[in-house]
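S.K.:
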Amino acid sequence: IGPDTRVARHFRAIAGRVNQRVSAAADEVWLVVSGSRVKIK
1 IGPDTRVARH FRAIAGRVNQ RVSAAADEVW LVVSGSRVKI K
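Residues 1 to 41, numbered by the working numbering, are exactly what the sequence shown covers, in order.
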């Protein structure tokens, strides 16, 4: 399932790149889903 519009797909791509850069610079990275956390890095 993906975004329906071109603008939404562009936003998703930019957000993904930003998240990758931030996580590369961070000492720790956590994924939190519905209050459950998983350490990624």
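Just so you know, even glycine gets a beta-carbon here, dropped at the ideal spot from N, CA and C.
Return the Cβ separation of V29 and S23 in integer angstroms, given the expectation that the two are a contact with Cβ distance under 8 Å.
M.R.: Confirmed, about 5 Å.
S.K.: G2 and R9: beta carbons closer than 8 Å?
M.R.: Yes, they are a contact pair.
S.K.: Tell me which residue opens and which closes the beta strand (DSSP E) that S36 is part of.
M.R.: Here the beta strand (DSSP E) through S36 covers S36 to K39.
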